[in-house]
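Our numbering applies: residue 45 is where the sequence shown begins, and numbers increase by one. We treat Cβ as the ideally placed atom computed from N, Cα and C, and that holds for glycine. Keep in mind it's a predicted model, so treat the numbers as computed, not measured. Written out below as structure tokens is the structure these notes cover.
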Amino acid sequence: MEQSIITKSPLELSRNANDIKGLDALRRAAQSGDSKALDEAAKQFEAIFVQMMLKSMRKAQDVMADKDSPFNSEQVKFYRDMHDTQIASDLASNGSIGLADIIVRQLGKTGDGYMPAGALRNDGNLSSINRNTIASTQKAQNAVLGNQPIKTFQSFKTAAFDDAQSFIEQLYPAAQQAAQQLGIDPKALLAQAAIETGWGQHMIHNTSGQNSHNLFGIKADRRWQGDRAIVDTIEFEQGVAATKKAPFRMYDSFADSMQDYVGFVKQNPRYEEAVKQSQSPQDYFSELQKAGYATDPEYANKVLSVFEGEQFKRYSTQQLGTSGAVGDMK
Numbered sequence: 045m046e047q048s049i050i051t052k053s054p055l056e057l058s059r060n061a062n063d064i065k066g067l068d069a070l071r072r073a074a075q076s077g078d079s080k081a082l083d084e085a086a087k088q089f090e091a092i093f094v095q096m097m098l099k100s101m102r103k104a105q106d107v108m109a110d111k112d113s114p115f116n117s118e119q120v121k122f123y124r125d126m127h128d129t130q131i132a133s134d135l136a137s138n139g140s141i142g143l144a145d146i147i148v149r150q151l152g153k154t155g156d157g158y159m160p161a162g163a164l165r166n167d168g169n170l171s172s173i174n175r176n177t178i179a180s181t182q183k184a185q186n187a188v189l190g191n192q193p194i195k196t197f198q199s200f201k202t203a204a205f206d207d208a209q210s211f212i213e214q215l216y217p218a219a220q221q222a223a224q225q226l227g228i229d230p231k232a233l234l235a236q237a238a239i240e241t242g243w244g245q246h247m248i249h250n251t252s253g254q255n256s257h258n259l260f261g262i263k264a265d266r267r268w269q270g271d272r273a274i275v276d277t278i279e280f281e282q283g284v285a286a287t288k289k290a291p292f293r294m295y296d297s298f299a300d301s302m303q304d305y306v307g308f309v310k311q312n313p314r315y316e317e318a319v320k321q322s323q324s325p326q327d328y329f330s331e332l333q334k335a336g337y338a339t340d341p342e343y344a345n346k347v348l349s350v351f352e353g354e355q356f357k358r359y360s361t362q363q364l365g366t367s368g369a370v371g372d373m374k
């Protein structure tokens, strides 16, 4: 027994869990550039891993142990843990699990099929997969848009009207024409446009300052052949609001936006029930929300709140005062 210990190298002696001098010898070997120090350090790391497993097993055993048993005393547990530590070190030195070999290949930059530790990234090395996914997505988008003379602008939101009253006054004529085709109150269309644009205070403009005239937040999918504007928008996912970038349609005028909205809801089968209920703004917006026009769970209530709000009542009063009639205002 004495002979076997004497013939062991200082690094091998460091495997003794209770030999602090052995650890110091390992430290000095690492500082001197001894290649065997990495092997020994890897084995000790594996020993720590095995020791943690043994410790978990012992804890499970202690739950069922007899508290009055002399083999369950603190003194016995102390020497038992020392013994487990040495067992873990011996198992690691024999390569029982193989974790040490993997560590050596990673840190030592040796062996085929192993990436050096210095090249590892905190994203789990998924960036190459992500790059391929992005490239594939871009390729698919280019295939769809490549043959179309479509311009896409990075955009921002800014005011296009002075206040709510100017918003109503300027857009009401176009709203009348569109509302007749849809069979709905013009105020209902203006109320929806007010919710989508914040009474025209958050209209989408491209970087050159050109107004998109998009009053209803209609996005630009593959069916849209006109220009589009990329801008941040708020979407609700399972009731939680989140900001995302999305492309929106751009129009030459507010009248074009109104007409496109009418065609958008009348030609889309998903909004068929809403169109049938157009005579009742409450039913119309309720069905529109059910069909998925907006992700905001309070969308219909918000539009109806504006529709029945003071801004339209004030506008109606002004119209009565100047012409004695409200025209098509209901």
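| query | result |
| --- | --- |
| Spatial neighbours of Leu348 within its chain, please: C-beta separation below 7 Å, excluding the five flanking residues on both sides. | Pro325, Gln326, Phe329 |
| Give every residue of the same chain whose Cβ lies closer than 7 Å to the Cβ of Phe308, excluding the five residues on either side of it in the sequence, and list them in chain order. | Ile262 |
| Verify whether the separation of the beta carbon atoms of Gln95 and Thr129 is less than 7 Å. | yes |
| Hey, how far is the Cα of Asp340 from the Cα of His249? | 23 Å |
| Measuring straight from C-alpha to C-alpha, what distance separates Pro217 and Ala286? | 35 Å |
| Over what stretch of residues does the alpha helix (DSSP H) that includes Ile131 continue unbroken? | 118-137 |
| What does the Cβ neighbour count give for Gly168, buried or exposed, with the cut at 16 atoms within 10 Å? | Bear in mind that a pLDDT of 49 at Gly168, under 50, signals an unreliable position, so the model cannot answer this. |
| Within the same chain, show all residues whose beta-carbon is closer than 7 Å to that of Arg272, passing over the 5 residues directly before and after it, in chain order. | Ile194, Thr196, Ala264, Pro291, Phe292, Arg293, Met294 |
| What whole-angstrom Cβ distance do Gln355 and Ile212 have, given they're in contact under 8 Å? | 7 Å |
| Pull up the CB-CB distance for Phe93 and Leu143, whole angstroms please, since I reckon it's below 8 Å. | 6 Å |
| Tell me whether the beta-carbon of Asn258 lies closer than 7 Å to the beta-carbon of Ser297. | no |
| With 16 as the cutoff for other CB atoms within 10 Å, does Ala104 come out buried or exposed? | exposed |
| How about Glu331 and Glu317: do their beta carbons lie closer than 7 Å? | yes |
| Suppose only complete runs of 3+ residues qualify. What are the beta strand (DSSP E) ranges in the segment 250-283, listed by chain order? | 272-281 |
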